[in-house]
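Structure record follows, encoded as C-alpha cells.
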Amino acid sequence: MEKNYSNYDLDNLDVQILSILMEDASIPYTEIAKKLIVSGGTIHVRMKKMEELGIIKGSNLIINPQKVGFDITAFLGIYLEKGSQYADAVEQLKQVKEVVELHYCTGQYSAFAKIVCRDTSHLRKVLNEDIQGLKGIQRTETIISLEESIKRQITL
C-alpha cells in the first residue's frame, strides 16, 4: 500500500542505497550495509519505507531484446478520434504485448508508444492488425529506431 508523502526528502543514506541498487538491483542488503557501514536491518527498514512511499516501484530483470530475437524498436505517435478515449485506448493497448511503453502526451499526438518487434513483417502485423484497428485510434505515425544510444535512470 503506497502512502502519499509528497514532501518526503531523501537523506544521504537513502540516496546512497538507491544509487547502489540502481547500478545492480541484485546486490544483497547485507553487502550494501557493509559498503555503507550500517546494519542490514537499517537497509531493510529504509527500503521498506521507500517502497511504502512509492519512491521504489519495484525491481525487474532487464534483457537485451535483440539478443532474444526482437531486432526492431519503433516509436508510434497515436492520434485518437477524441482525447476522452485515452483510457479505453490504454486498456486495449495493454493487450498488445509488443507495446512496452505508452505515454499520454502533449503536442500533435494523443499518445506516444514504444514497441518492440522481431522484424519488419512483425512490425507491419502489429501496426496493421493489432493497433490501427483498435476502437478510437484514428491513425498512427511510426518512427523506427536505428540505434539506442542512451538508456538510463535519473541520477540522484
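Numbered according to this note's numbering, the sequence shown spans residues 18 to 173.
Glycine included, each C-beta is placed from N, C-alpha and C at the ideal position.
Cutting at 6 Å between CB atoms, please list the residues of its own chain near residue i, excluding the five before and the five after it.
i, result
"E158", "G94"
"L173", "V32, L35, S36"
"L30", "none"
Could you tell me which residues DSSP pairs with residue i in its beta bridges?
i, result
"Y96", "R156"
"E118", "K131"
"S162", "T90"
Can you tell me which of the options puts its alpha carbon nearest to the alpha carbon of residue i?
i, options, result
"I72", "D26, L119, K168, Q155", "D26"
"G124", "L97, I54, E118", "L97"
"F92", "I160, R169, S166", "I160"
"I79", "E48, E69, K52, D41", "D41"
"M39", "D105, S76, L53", "S76"
"E165", "V133, R156, K74, H139", "V133"
Please list, in chain order, all residues of the same chain as residue i whose beta carbon is under 7 Å from its beta carbon, the five residues on each side excluded.
i, result
"P136", "It is Asp, not Pro, that sits at residue 136 in the sequence shown. Taken in chain order, the residues that qualify are D88, I89."
"Q102", "G153"
"G86", "R135"
"L119", "V107, L110, A128, A130"
Excluding sequence positions up to five away, which residues of its chain have a Cβ less than 8 Å from the Cβ of residue i?
i, result
"S56", "A50"
Which residue marks the beginning of the alpha helix (DSSP H) containing residue i, and which one marks its end?
i, result
"E146", "Taken as a continuous stretch (DSSP letters only), E146 belongs to no alpha helix (DSSP H), as it is neither H nor E."
"N29", "29–40"
"Q109", "103–110"
"T59", "57–69"
"K52", "46–53"
Segment contact, 8 Å Cβ cut-off, at least three pairs: the segment 55–72 with the segment 112–120: no
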